[in-house]
Amino acid sequence: QTKEHILLARQVGVEHVVVFINKVDISDPELLELVEMETLEHLAAQGYEDVPVVMGSALRALRRPAEDGECIRQLVATLDRHVPDPVRDFEGPFMMPIEGVHSILGRGTVVTGRVARGVLPVGSTVEVIGLMGADQKPRQVVVTGIQMFHQDQPEARAGENCGLLLRNVGRDDVVRGQVLIAPGSVSSHQTARAELFILPKEEGGRHTPIFPGYRPQFYFGTTNVTGAIADLGGFDLLRPGDHAEVGLELHRPVGMEPGMRFAVREGSRTVGAGIILSVA
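Residue numbering for the sequence shown follows the numbering used here, beginning at 4 and increasing consecutively.
Put into structure tokens, the structure is as follows:
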């Protein structure tokens, strides 16, 4: 599971990692050294180098913070040193994948999510794209309210988790996995070219190759959609550990653009990862 979490962290754009090895009070010192070595190897395989490691017992720190809380203080200090403030894209066109949909009595429908980029003032018009029928056009709606931590805000900014109140939108008119965008900035697509990496079994991936027509689940941010890998870029098959440019055919349109990352899953197991190269 640690391997899968590292892969997913890389896929969603996490650039900096700090490792905390827990339960050191009940573990053999030699085992702890082995765990540290293996964890750093898995991190290096995904491009994470010079990762700091902190060891401790979270339970003992919770029970006796004065005597055993030094490991947590060390962890916080390491995070402060190692993880820089994130760079937010405030200039790009607004985009927010929808994570949740809620009906607020007396007010209307609120969608929640993390703003991927841009700035959106209250009163702005946005488009809802993705997970629609082929004959449906993107719907334009007005954002009449913005809240963050139950406090009204004048705008939503990149990196913030917030709720947006949508005018004249019913609870069933929007769903998790759709995307709110600045009108016309992004489109929905069912076909795309992508660079795909198939995880080997040593990293929790497949034991067998994939062939053209392979049908897994694709995860784009909050969107989960079935689809097929229509072609393997001229290869007859891809073995675990291989990568290639492939063609994607999704069962439903997804709001996506070049540079967007995605995960490939079979049930609850992540078996691949990719990045969109072009859309059609």
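Ideal Cβ placement from N, Cα and C applies to all residues, glycine included.
Small disclaimer: the values here were computed from a predicted structure and weren't measured.
Ile101 carries a coil assignment under DSSP once its states are collapsed to helix, strand and coil.
Between His45 and Phe238, the alpha-carbon positions lie close to 28 Å from each other. Residue pairing from DSSP places Arg264 in a beta bridge opposite Ile278. Runs of the alpha helix (DSSP H) lying entirely within the segment 170–252, each at least 4 residues long, are absent. The DSSP assignment places complete alpha helix (DSSP H) segments of no fewer than 4 residues inside the segment 31–89 at 32–48, 61–66, 68–71, 73–85, in order along the chain.
Cβ-Cβ separation between Arg268 and Tyr222: approximately 6 Å, consistent with a contact (criterion under 8 Å).
For Ile232, the CB contacts under 6 Å within the same chain, skipping 5 residues up- and downstream, are Tyr217, Val249 in chain order.
Between Gln181 and Val131, the C-beta gap is smaller than 9 Å, which places the two residues in contact. In the three-state reduction of the DSSP assignment, Ala12 falls in the helix class. Residue His192 holds the alpha-carbon nearest to the alpha-carbon of Ala283 among Ala69, His192, Val38, Ala80. Secondary structure of Asp92 (DSSP, three-state): coil.
Counting only the Cα atoms, Ile149 lies some 47 Å from Pro212. Taking a contact as a CB-CB distance under 8 Å, the pair Arg170 and Gly111 counts as one, their CB atoms being some 7 Å apart. Per the coordinates, the alpha-carbon of Arg196 lies some 5 Å from the alpha-carbon of Leu280. Bounds of any beta strand (DSSP E) do not take in Ile29, whose DSSP letter is neither H nor E. With fewer than 16 other beta carbons inside 10 angstroms of its own, Pro261 counts as exposed. The beta carbon of Pro89 lies closer than 7 Å to those of Gly162 in the same chain, with the five residues before and after it left out.
The alpha-carbon of Ala80 is positioned some 20 Å away from that of Leu43. Secondary structure note for Ala159: its beta strand (DSSP E) is the uninterrupted segment 158–160.
Taking 8 Å as the upper bound for CB-CB distance, Val129 and Phe97 are in contact here, some 7 Å apart.
Met259 is bridged by DSSP to Ser190. Between Val86 and Met58, the beta carbon gap of about 18 Å keeps them out of contact (Cβ cut-off 8 Å).
Buried is the label assigned to Leu235, since at least 16 other Cβ atoms lie within 10 Å of its Cβ. Setting aside the 5 residues that flank it on each side, Leu35 is surrounded in the same chain by Ile24, Val27, Met58, each with a C-beta closer than 7 Å to its C-beta; the list follows chain order. For Val129, the enclosing beta strand (DSSP E) starts and ends at 128–132.
Taking all protein chains in view, the Cβ of Pro100 is crowded by 16 or more other Cβ atoms within 10 Å, so the residue is classified as buried.
Nearest C-alpha to Leu62 among Phe214, Pro243, Ala12, Gly72: Gly72. With fewer than 16 other CB atoms across the displayed protein chains lying within 10 angstroms of its CB, Ser106 is exposed. Pro141 counts as buried, since no fewer than 16 other beta carbons sit within 10 angstroms of its beta carbon.
Relative to the Cα of Gly173, the nearest Cα in the group Gln156, Leu108, Asp245, Gly136 belongs to Leu108.
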